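Novice:
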Amino acid sequence: MADSIAPEFIPDPDLLFCRVHWSQFNVKENRIARSVFGKVNQSVDWSKYATREETLARHRKPEEIRPVASIAAGACRDLNQTVVHVPLESTDPGGPNRAHSEIRGEKSKLTQSRLRDALTDVWPNPSFRPIP
Amino acid sequence: MPTLAEPGLHEPCRPFSSSRLWNICAPRDAWYSSSVFEEPRAGITSLSWEFRHGWEGERQPLQSLGVNTLGSGLPSLSERLSGQLATLADHLSPELGEKVREILSLEPGWDGETAQSVRLNVVANVLSLLARLRRDRLELVMPFVAPTFDGGLWLDWTSPRRTLEIEAEACGWSVVGTTIGRDGTRGYFEAVEDAQATRMTDFCDWFRGDLQLWPTA
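These protein sequences, in sequence, are chains A and B.
Residue numbering for the first sequence follows the working numbering, starting at 54 and increasing by one per position.
Residue numbering for the second sequence follows the working numbering, starting at 94 and increasing by one per position.
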């Protein structure tokens, strides 16, 4: 399409933002479940085109997100994952989202654990609302 | 609502064609297991729900357990099973019971995308495993439990120097142990256990530092 957004290369140092559902976050240990990285095509937002707040706001129920976690693209590649920019058009589900990217690749349980341990920071959601 | 192991078991319950509908695949010496059976009687279908506590079997008609099989307004089968599982989790620890209730309340798509509800047979298997570990290792603390996107459960024990992660697989259990050195360097170790999970106490002993199963950081 003439007006589609061209995908770009995501440099290794750039951050990818990942939402973490409340059920996958251990508050006591400040630890994220590795299952956050349980999908072959794991959707994330590229920091070049999104803030953590914007990533949070794009969720269907942002109040159910506990933190937004960050991981460097290079750390994903070090674990045999492919990091690709997949901008979403307004006609795409979840679009438009120029920041949308994917961490692609088979993720063994061990790889999921290593991806989780490679997270660089965990930003708490100020609008998180505990379940009643 | 959480989903049962086999397709076709919906709410409210409806007649089935097979005689054995659903089975929680638990180790032979499981502290808890249950099965759902179909018993055609006089042209109608009724269900029985079997519990085994230790080695003692007890089988009761489902309707006697107050389960809605005909849309009568009573709790549905999966609601009833969910309640039973949460109560079993309470016996292990109140915190675990609360977490299991929260997890069982997750609807399909809880992640905002395509995540499945946690399968009841997975919850039962995990509780069975934890009960056995607690029986064999009285002082074992209960792990943090979280859902996976495909309807499974992830168990996580953490300490300053080691972590132990366990997840139910189709044919057994995945185990990942991590050592954390004083400089923060991590070492990873992986194992696969069969459905009987016979070595699981060894992994717990390793986590507690009582067994040299994997190298120390």
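Beta carbons are placed, not taken as given, at the ideal position from N, Cα and C, and that holds for glycine.
In this text, all values refer to a predicted model and were calculated from it rather than measured experimentally.
What residue does the beta strand (DSSP E) around Glu155(A) start on, and which one ends it?
Specialist: The residue given as residue 155(A) occupies position 102 in the first sequence. Start and end: His153 to Arg157.
Novice: Specify the secondary structure class of Leu69(A) as computed by DSSP and reduced to three states.
Specialist: Counting from one through the first sequence, the residue named residue 69(A) turns up at place 16. Three-state result, Leu69(A): strand.
Novice: On the CB-based measure, 16 or more other CB atoms within 10 Å of its CB, does Ala217(B) come out buried or exposed?
Specialist: Here residue 217(B) refers to the residue found at position 124 of the second sequence. Ala217(B) is buried by the Cβ-count criterion.
Novice: Could you tell me whether the region 215-229 of chain B touches the region 175-190 of chain B, where touching means 3 or more Cβ pairs closer than 8 Å?
Specialist: Segments in contact, yes.
Novice: Considering only C-alpha positions, which residue in the set Phe70(A), Pro66(A), Val80(A) and Pro146(A) is nearest to Thr251(B)?
Specialist: For this step, residue 251(B) is matched to residue 158 along the second sequence. Considering only alpha carbons, the answer is Val80(A).
Novice: Would Phe90(A) be called buried (16 or more neighbouring beta carbons within 10 Å of its own) or exposed?
Specialist: The residue you call residue 90(A) lines up with position 37 of the first sequence. Per the 10 Å Cβ criterion, buried.
Novice: Confirm, please, whether the CB-CB distance from Ile259(B) to Leu248(B) is below 7 Å.
Specialist: Within the second sequence, residue 248(B) is the residue found at index 155, counting from 1. Within the second sequence, residue 259(B) is the residue found at index 166, counting from 1. Yes, these two residues count as a Cβ contact at 7 Å.
Novice: By Cβ distance below 7 Å, which residues in the same chain neighbour Asn94(A) in space, the five residues on each side in sequence not counted?
Specialist: One-based indexing of the first sequence puts residue 94(A) at position 41. Counting only Cβ-Cβ distances below 7 Å, and skipping sequence neighbours, we find Glu155 and Arg157.
Novice: Just to confirm before moving on: does the CB-CB distance between Cys297(B) and Leu233(B) stay below 7 Å?
Specialist: Within the second sequence, residue 297(B) is the residue found at index 204, counting from 1. Within the second sequence, residue 233(B) is the residue found at index 140, counting from 1. For Cys297(B) and Leu233(B), yes; Cβs fall inside 7 Å.
Novice: Select from Val269(B), Glu200(B), Phe242(B) and Leu185(B) the residue whose C-alpha is nearest the C-alpha of Ala224(B).
Specialist: Mapped onto the second sequence, residue 224(B) falls at position 131. Comparing Cα positions, the closest option is Leu185(B).
Novice: Rounding to the nearest angstrom, what Cα-Cα distance links Phe300(B) and Thr256(B) in this structure?
Specialist: On the second sequence, position 207 is the one that residue 300(B) refers to. On the second sequence, position 163 is the one that residue 256(B) refers to. Distance between the alpha carbons of Phe300(B) and Thr256(B): 7 Å.
Novice: Does the Cβ-Cβ distance between Ala86(A) and Ile124(A) come in under 7 Å?
Specialist: For the purposes of this step, residue 86(A) is identified with residue 33 of the first sequence, where counting begins at 1. For the purposes of this step, residue 124(A) is identified with residue 71 of the first sequence, where counting begins at 1. Their beta carbons are not under 7 Å apart, which means Ala86(A) does not touch Ile124(A) by this criterion.
Novice: Would you say His153(A) faces chain B, with C-beta separation under 7 Å as the test?
Specialist: As a working mapping, residue 153(A) is identified with position 100 in the first sequence. Taking Cβ atoms only, chain B never reaches closer than 7 Å to His153(A), which makes this a no.
Novice: For Asp65(A) and Trp99(A), I'd like the C-alpha separation in whole angstroms.
Specialist: The residue labelled residue 65(A) in the question sits at position 12 within the first sequence. The residue labelled residue 99(A) in the question sits at position 46 within the first sequence. Each residue's Cα considered, the two are about 11 Å apart.
Novice: Quick one: which chain A residues come within Cβ less than 8 Å of Glu258(B)?
Specialist: For the purposes of this step, residue 258(B) is identified with residue 165 of the second sequence, where counting begins at 1. Per Cβ cutoff of 8 Å: Arg87, Lys162 and Ser166.
Novice: Which residues does DSSP list as the beta-bridge partners of Pro240(B)?
Specialist: To locate residue 240(B), count along the second sequence from 1; it is residue 147. According to DSSP, which records beta bridges pairwise, Pro240(B) is partnered with Leu246(B).
Novice: Please say whether Leu222(B) and Ala290(B) have beta carbons closer to each other than 7 Å?
Specialist: What you label residue 290(B) is simply residue 197 of the second sequence in a count that begins at 1. What you label residue 222(B) is simply residue 129 of the second sequence in a count that begins at 1. Yes.
Novice: Return the CA-CA distance between Pro308(B) and Arg254(B), expressed in angstroms with no decimal places.
Specialist: In the second sequence, counting from the first residue as 1, residue 308(B) sits at position 215. In the second sequence, counting from the first residue as 1, residue 254(B) sits at position 161. Spanning the two alpha carbons is a distance of roughly 12 Å.
Novice: Let's test the definition: count the other Cβ atoms within 10 Å of the Cβ of Glu149(B) and tell me whether it reaches 16, buried, or not, exposed.
Specialist: Counting from 1 along the second sequence, the entry for residue 149(B) is found at position 56. Its pLDDT being 38, under 50, Glu149(B) is placed unreliably in this model, and the coordinates cannot settle the point.
Novice: Of the choices Thr135(A), Leu132(A), His153(A) and Arg105(A), whose alpha-carbon is the least far from that of Pro179(A)?
Specialist: Residue numbering aside, residue 179(A) sits at position 126 when the first sequence is read from its first letter. The shortest C-alpha separation from Pro179(A) is found at Arg105(A).
Novice: Just to confirm my understanding: we take Phe70(A), look at its own chain, exclude 5 residues before and 5 after, and list those with CB closer than 7 Å. What are they?
Specialist: One-based indexing of the first sequence puts residue 70(A) at position 17. The answer, listed in chain order, is Val97, Asp98, Ser100, Ala103, Arg105, Thr108, Val121 and Ser123.
Novice: Where in the region 95-162 of chain A do unbroken runs of the alpha helix (DSSP H), each at least 4 residues long, occur, reported from the N-terminal end onward?
Specialist: Here the runs fully enclosed are 105-110 and 126-131.
Novice: Is the CB of Phe237(B) under 7 Å away from at least one CB in chain A?
Specialist: Numbered from 1 along the second sequence, position 144 holds the residue referred to as residue 237(B). So, interface residue.
Novice: Closer than 7 Å by beta-carbon distance: list the chain A residues that pair up with Glu283(B), in chain order.
Specialist: Residue numbering aside, residue 283(B) sits at position 190 when the second sequence is read from its first letter. The contacting residues are Leu163.
Novice: The alpha helix (DSSP H) that contains Ser221(B), what's its start and end?
Specialist: Residue 221(B) sits at position 128 when you count from the first residue of the second sequence. Leu213 to Asp229 is the extent of the alpha helix (DSSP H) around Ser221(B).
Novice: Which same chain residues end up closer than 7 Å to Leu141(A) when comparing Cβ atoms and leaving out the 5 residues on each side of it in sequence?
Specialist: Here the question's residue 141(A) lines up with position 88 in the first sequence. Taken in chain order, the residues that qualify are Gly147, Gly148, Pro149, Asn150 and His153.
Novice: Over the uninterrupted beta strand (DSSP E) stretch that includes Thr256(B), give me the two end residues.
Specialist: The residue labelled residue 256(B) in the question sits at position 163 within the second sequence. Where Thr256(B) is concerned, the enclosing beta strand (DSSP E) stretches over Arg255 to Ala261.
Novice: Report yes if the CB atom of Asp183(B) is closer than 7 Å to the CB atom of Gln209(B), and no otherwise.
Specialist: In the second sequence, counting from the first residue as 1, residue 183(B) sits at position 90. In the second sequence, counting from the first residue as 1, residue 209(B) sits at position 116. It is not a contact, given that the beta carbons lie outside the stated cut-off.
Novice: Using CA coordinates, which residue listed in Glu283(B), Gly277(B), Arg275(B) and Ala239(B) is at the minimum distance from Ser88(A)?
Specialist: The residue given as residue 88(A) occupies position 35 in the first sequence. Of Glu283(B), Gly277(B), Arg275(B) and Ala239(B), the residue nearest in Cα terms is Ala239(B).
Novice: Would Ser210(B) pass as an interface residue toward chain A - the criterion being a Cβ-Cβ separation below 7 Å?
Specialist: Position 117 of the second sequence holds residue 210(B). Answer no: the Cβ-Cβ gap between Ser210(B) and chain A never drops below 7 Å.
Novice: Can the beta-carbon of Phe78(A) be found closer than 7 Å to that of Arg119(A)?
Specialist: Along the first sequence, one-based indexing puts residue 78(A) at 25. Along the first sequence, one-based indexing puts residue 119(A) at 66. Contact flag set, yes.
Novice: Which one or two residues does DSSP pair with Ile273(B) in a beta bridge?
Specialist: Along the second sequence, read from residue 1 onward, the residue named residue 273(B) stands at position 180. Its beta-bridge partners are Arg279(B).
Novice: One question on the structure: do Arg292(B) and Glu286(B) come within less than 7 Å of each other, judged by their Cβ atoms?
Specialist: Locating residue 292(B) in the second sequence gives position 199, counting from the first residue. Locating residue 286(B) in the second sequence gives position 193, counting from the first residue. Yes; because the gap between Cβ atoms is below 7 Å, this pair is in contact.
Novice: Would you say Asp276(B) reaches chain A, if we count a Cβ-Cβ gap shorter than 7 Å as a contact?
Specialist: Against the second sequence, residue 276(B) aligns to sequence position 183. With 7 Å as the cut-off, Asp276(B) does not count as an interface residue toward chain A.
Novice: Under 7 Å Cβ to Cβ from Arg72(A), same chain only, skipping five residues before and after it: list those, please.
Specialist: In the first sequence, counting from the first residue as 1, residue 72(A) sits at position 19. If we look at Arg72(A) and ignore the five residues flanking it on each side, its Cβ neighbours are Thr108, Leu109, His112, Ile118 and Val121.
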